[in-house]
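Trainee: Chains as they are written, first to last, in the numbering used here: chain R, 411 to 525; chain P, 17 to 132. For glycine and all other residues, C-beta sits at the position ideal for the given N, C-alpha and C. The structure follows.
Printed below as a string of structure tokens:
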């Protein structure tokens with residue numbers, strides 16, 4: 411079974427600073443990879459996904475993520491954080507070539523943005 | 017267009033009571049998913065429908081939990097004899113096709129269930 415680790419429970423950055431949120435997964439092959447964002451009282455919004463091809467993936471709101479097979483990682487980055495980015499971020503994986511649609515989520519990283 | 021909608025947004029019930037949570041998927045989406053998100057945790061998969069049938073119910077924690085999707089659109093998650101440990105946000109998602117490999121899942125705002 412796959413698992414996802416988000417090592418940082420809480421991160422605080424200053425507005426305008428760069429951001430990197432870590433995600434490591436455990437899976438026997440290359441999984442499908444996702445990053446979602448959840449604002450208070452809101453559902454999960456997809457930021458970006460990796461299915462195949464270029465390992466550097468561009469998403470919405472200026473976010474990008476890089477799949478590194480050797481490190482089993484899919485870290486999320488943003489060069490300059492805005493106050494509106496304060497939210498909870500979830501990394502998720504899905505099994506490949508199994509027909510299973512269930513996503514396995516990490517426990518999330520809460521981002522706080524200081525003015 | 018309209019996204020996934022869930023009703024009610026909040027539900028408070030007493031231990032031992034029965035509750036129903038409703039999900040309206042994005043129009044035209046064939047697949048529908050239920051997840052549960054406990055406080056401070058990521059969502060956990062419960063069940064996935066392909067059309068009217070449950071294609072994968074491996075995440076349902078026990079037989080108190082049941083879900084239906086009789087016409088292949090709206091789904092209802094039913095919890096019998098609720099327990100305090102059932103308190104969580106119940107998230108619904110939908111995706112376009114019901115077959116083939118993984119697709120992007122689009123989530124609703126969730127129903128926050130509190131069992132007193």
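1. Looking only at its chain, what residues have a beta carbon closer than 6 angstroms to the beta carbon of residue 61 of chain P, apart from the 5 residues adjacent to it on each side?
2. Comparing alpha-carbon positions, which option in R/500, R/463, R/492 lies nearest residue 429 of chain R?
3. With a threshold of 6 angstroms on Cβ separation, who are the neighbours of residue 73 of chain P within its own chain once the five nearest residues in sequence on each side are excluded?
4. Would residue 435 of chain R pass as an interface residue toward chain P - the criterion being a Cβ-Cβ separation below 8 angstroms?
5. Going straight from the alpha carbon of residue 351 of chain R to that of residue 450 of chain R, what length do you get?
6. What does a CB cutoff of less than 6 angstroms around residue 105 of chain P pick up in its chain, not counting 5 residues either side in sequence?
7. Compare the Cα-Cα distances from residue 29 of chain P to each of P/20, P/95, P/80, P/82 and report the closest residue.
8. Can you tell me whether residue 488 of chain R is buried or exposed? The criterion is at least 16 other CB atoms within 10 Å of its CB, across all chains shown.
9. Would you decide whether residue 522 of chain R is buried or exposed? Buried here means 16 or more other CB atoms lie within 10 Å of its CB.
Mentor: Let's see:
1. 51, 75
2. It is R/492.
3. 63.
4. No, because no Cβ of chain P sits closer than 8 angstroms to the Cβ of residue 435 of chain R.
5. This structure does not reach residue 351 of chain R, given that chain R is present from 411 up to 525, and the question cannot be answered.
6. 53, 126, 128
7. P/95
8. Classification of residue 488 of chain R: buried, given that the 10 Å Cβ count is 16 or more.
9. exposed
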